[in-house]
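For the sequence shown, the residue numbers in this note's numbering are 42 to 361.
Have a look at the structure below, then the notes.
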Amino acid sequence: MKHSSRRQQRPFSARFEAWLTHHRESALATLGQLVVAPFATAMTVAAMAVALMLPASLYVLTGNLKVLGGYWDSSAAISVFLEPGVDEAAARSLALQWQARSDIVRAAVITREQGLAEFREYSGLGVALDQLTENPLPVVISVFPAPRLTGKKPLEQLIAGLEQLNDVDFIRLDTEWARRLQALVELLERALWLLSLALALGVLLVVGNTIRLEIENRRDEIEVMHLVGATTGFIRRPFLYSGAWYGLLSGLAAWVMVWLMVLAMQVPADRLAESYQSVFRLRALDSLASLVLIGGGTALGILGSWVAVGRHLGAMQPSR
Numbered sequence: 042m043k044h045s046s047r048r049q050q051r052p053f054s055a056r057f058e059a060w061l062t063h064h065r066e067s068a069l070a071t072l073g074q075l076v077v078a079p080f081a082t083a084m085t086v087a088a089m090a091v092a093l094m095l096p097a098s099l100y101v102l103t104g105n106l107k108v109l110g111g112y113w114d115s116s117a118a119i120s121v122f123l124e125p126g127v128d129e130a131a132a133r134s135l136a137l138q139w140q141a142r143s144d145i146v147r148a149a150v151i152t153r154e155q156g157l158a159e160f161r162e163y164s165g166l167g168v169a170l171d172q173l174t175e176n177p178l179p180v181v182i183s184v185f186p187a188p189r190l191t192g193k194k195p196l197e198q199l200i201a202g203l204e205q206l207n208d209v210d211f212i213r214l215d216t217e218w219a220r221r222l223q224a225l226v227e228l229l230e231r232a233l234w235l236l237s238l239a240l241a242l243g244v245l246l247v248v249g250n251t252i253r254l255e256i257e258n259r260r261d262e263i264e265v266m267h268l269v270g271a272t273t274g275f276i277r278r279p280f281l282y283s284g285a286w287y288g289l290l291s292g293l294a295a296w297v298m299v300w301l302m303v304l305a306m307q308v309p310a311d312r313l314a315e316s317y318q319s320v321f322r323l324r325a326l327d328s329l330a331s332l333v334l335i336g337g338g339t340a341l342g343i344l345g346s347w348v349a350v351g352r353h354l355g356a357m358q359p360s361r
């Protein structure tokens with residue numbers, strides 16, 4: 042009784058220092074246990090890292106598709122085909138008039154010769170085109186809408202206004218690919234959330250099973266600690282740090298895997314961009330996404346460990 046009273050009268054600073062000391066010792070001890078068994082640690086971390094890497098990779102993919110869609114959308118032009126009788130001088134005059142409008146940022150004339158050369162290059166019909174006695178293509182004006190005209194309705198209003206002008210034959214705006222790309226991005230974003238939930242559950246199961254094995258291996262030690270009066274928090278703490286280390290290491294490994302994936306995909310991305318006379322740099326995880334990945338992995342490790350410890354430690358408490 043005197044001993045219990047003396048323990049309760051210990052100052053708060055001493056108890057807090059003892060609490061911090063046990064946290065530090067638990068963190069270092071559990072890290073040392075992981076280092077002592079590198080193969081088992083690597084297998085567990087690899088399984089968790091793959092589960093974390095998959096949604097992170099899908100996040101990177103959707104982010105790059107958004108950037109790519111915005112890049113192409115901002116650089117897309119409205120092709121205005123003029124009447125066959127309109128010559129290049131008249132077309133340049135029209136382009137200057139249109140470029141002065143507030144809803145058009147630039148208007149460029151594509152001559153008949155330029156149009157024929159481009160058609161020859163991409164159609165593969167060079168031999169057939171050589172048989173033509175005259176150029177059948179009209180003069181085309183590429184109209185680049187102002188950046189504020191990003192919605193479907195403003196673009197349709199601009200096109201309707203241009204179609205009413207004299208010397209305009211017809212207009213082409215290929216926006217179907219943009220709508221399909223947007224639908225694909227939305228589908229991938231929905232799949233990202235579902236995949237993240239499923240794989241987060243997988244991470245919890247991996248951590249929980251690993252901690253369960255550690256608890257079974259230390260059953261005798263835990264039972265002795267119960268008998269000498271150790272609290273549940275005292276016994277639980279090292280296992281929580283084990284889960285935290287597993288989660289932190291798997292989050293870092295997943296981040297490295299995503300970075301290597303982006304690095305490997307940059308070469309084919311450069312080749313694709315070159316075919317369109319453009320440059321596009323793939324984006325990896327930004328600072329916030331990296332923090333979410335690593336911090337989320339650590340949190341899942343702690344949560345999985347907490348569930349496993351709470352379930353199995355209760356069964357080891359001696360009956361009174």
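Every residue gets a Cβ at the ideal spot worked out from N, C-alpha and C, and that includes glycine.
Being a predicted model, the structure only gives us computed values, none of them experimental.
*asked:* On the CB-based measure, 16 or more other CB atoms within 10 Å of its CB, does L69 come out buried or exposed?
replied: Around the beta carbon of L69, fewer than 16 other beta carbons lie within 10 angstroms, which makes this residue exposed.
*Where A158 and A136 are concerned, what is the direct C-alpha to C-alpha distance, given to the nearest angstrom?*
Between A158 and A136, the C-alpha separation is close to 21 Å.
_Distance between beta carbons of L93 and S328, contact taken as under 8 Å_ = In this structure, S328 and L93 do not form a Cβ contact; the two beta carbons are roughly 17 Å apart against a cut-off of 8 Å.
*Given a threshold of 16 other Cβ atoms within 10 Å of its Cβ, counted over all protein chains shown, does S54 qualify as buried or as exposed?*
Burial is judged here by how many other beta carbons sit within 10 angstroms of a residue's own beta carbon; S54 has fewer than 16 and is exposed.
*Can you tell me which of L72, H353, V127 puts its alpha carbon nearest to the alpha carbon of L254?*
Residue H353 holds the alpha-carbon nearest to the alpha-carbon of L254 among L72, H353, V127.
*When we look at the beta-carbon of S283 and count the other beta-carbons within 10 Å, is it buried (16 or more) or exposed?*
With a 10 Å radius around the Cβ and a threshold of 16 neighbouring Cβ atoms, S283 comes out buried.
*asked:* So L326 and V244 are supposed to be a Cβ contact under 8 Å. How far apart are they, rounded?
replied: Rounded, the Cβ-Cβ distance is 18 Å, inconsistent with contact.
*asked:* Please identify the residue among N258, L242, V269, L301 whose C-alpha is closest to the C-alpha of V348.
replied: Among N258, L242, V269, L301, the Cα nearest to that of V348 is on L242.
*Roughly how many angstroms lie between the CA atoms of G345 and D311, to the nearest whole one?*
About 42 Å.
*Are L203 and V150 touching if we call contact CB-CB under 9 Å?*
Cβ atoms of L203 and V150: not closer than 9 Å.
*Got a sec, what are the start and stop residues for the alpha helix (DSSP H) R65 sits in?*
Annotation: the continuous alpha helix (DSSP H) that includes R65 extends over 53-77.
*Tell me whether M89 is buried or exposed, calling it buried when 16 or more other Cβ atoms sit within 10 Å of its Cβ.*
Label assigned to M89: buried.
*Counting pairs of beta carbons, one from the segment 274-288 and one from the segment 70-78, are three or more of them closer than 8 Å?*
Flag = yes, the segment 274-288 and the segment 70-78 touch.
*Closest to E124 by CA distance: which of L228, F275, V181 is it?*
Among L228, F275, V181, the Cα nearest to that of E124 belongs to V181.
*Given that a residue counts as buried once 16 or more other Cβ atoms are within 10 Å of its Cβ, and exposed if not, what is M42?*
Note that M42 has pLDDT 43, beneath the 50 cutoff, so the model's placement of it is unreliable and no number is given.
_So the candidates are I145, A118, G351, S143; which of them puts its Cα closest to the Cα of I252?_
That would be G351, whose Cα lies nearest to the Cα of I252.
*Use the C-beta contact count for L199: other C-beta atoms within 10 angstroms, 16 or more gives buried, fewer gives exposed.*
L199 comes out buried.
*Give the secondary structure of L123 by DSSP, where H, G and I count as helix, E and B as strand, and everything else as coil.*
Strand at L123.
*Would you kindly report the start and end of the unbroken beta strand (DSSP E) that includes R142?*
DSSP places R142 in no beta strand (DSSP E); its state is neither H nor E.
*Would the beta-carbon of F185 fall within 9 Å of that of I119?*
A contact, by the Cβ cut-off of 9 Å.
*With contact counted as at least three CB pairs below 8 Å, one residue from each stretch, are the segment 95-110 and the segment 222-241 in contact?*
With contact defined as three or more Cβ pairs closer than 8 Å, the segment 95-110 and the segment 222-241 are in contact.
*Could you name the residues that DSSP lists as bridge partners for T149?*
As written in the sequence, residue 149 is Ala, which differs from the Thr given in the question. Answer by DSSP bridge pairing, in chain order: S183.
*Mind checking who F211 pairs with in its DSSP beta bridge?*
Paired residue(s): F122.
*Can you check whether the CB of V91 is closer than 9 Å to the CB of M298?*
Taking 9 Å as the Cβ cut-off, M298 and V91 qualify as a contacting pair.
*asked:* Residues in the same chain with beta-carbon distance under 7 Å from L334, minus the five sequence neighbours each way, listed in chain order, please.
replied: The residues are L93, A97, G292, A295, W296, L326.
_DSSP three-state label for I256, please._
DSSP, read as helix, strand or coil, puts I256 in helix.
_Supposed contact pair Q140 and R133 - C-beta distance, whole angstroms, cut 8 Å_ = About 10 Å separates the two Cβ atoms, so there is no contact after all.
_Cα-Cα separation, R277 to A87_ = CA-CA distance, R277 to A87, rounds to 25 Å.
*L313 (DSSP reduced to helix, strand or coil)*: In the structure shown, L313 sits in a helix (DSSP, three-state: H, G or I).
*asked:* Among D144, L332, R324, whose alpha-carbon lies nearest the alpha-carbon of K107?
replied: Of D144, L332, R324, the smallest CA-CA separation from K107 is found for R324.
*Can you tell me whether L95 is buried or exposed, with buried defined as 16 or more other CB within 10 angstroms of its CB?*
Burial check for L95: the Cβ neighbour count within 10 Å reaches 16 or more, so the residue is buried.
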